[in-house]
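**Q**
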Amino acid sequence: MSDFRKYLNKQLDNKEFKKEWDNSKNEYDLAKSQVAARKEDVTWKSKAY
């Protein structure tokens with residue numbers, strides 16, 4: 404397990420941190436999909452049609 408993963412797991416024990424972490428999942432997923440689309444050279448305009 405990486406140092407980051409160990410640190411994250413420890414932080415997720417904190418209820419406030421976990422709440423914020425869970426709330427940011429949608430933003431992370433959107434950013435991840437945008438990066439993937441750019442790698443595939445897909446534009447938002449082409450996805451809309």
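Using this note's numbering, the final residue of the sequence shown is 452, and nothing's skipped along the way.
Every residue, glycine too, gets a C-beta built ideally from N, C-alpha and C.
#1: Please list, in chain order, all residues of the same chain as Asn426 whose beta carbon is under 8 Å from its beta carbon, the five residues on each side excluded.
#2: Report, in whole angstroms, the separation of the C-beta atoms of Leu415 and Trp424, which I expect to be a contact under 8 Å.
#3: What number of angstroms, rounded off, separates the C-alpha of Tyr431 from the C-alpha of Phe407?
**A** Taking the coordinates as given:
#1: Your numbering for residue 426 matches position 23 in the sequence shown. Answer for Asn426: no residue qualifies.
#2: Locating residue 415 in the sequence shown gives position 12, where the first residue counts as 1. Locating residue 424 in the sequence shown gives position 21, where the first residue counts as 1. With a Cβ gap of about 6 Å, Leu415 and Trp424 count as contacting.
#3: The residue labelled residue 431 in the question sits at position 28 within the sequence shown. The residue labelled residue 407 in the question sits at position 4 within the sequence shown. Each residue's alpha carbon lies about 17 Å from the other.
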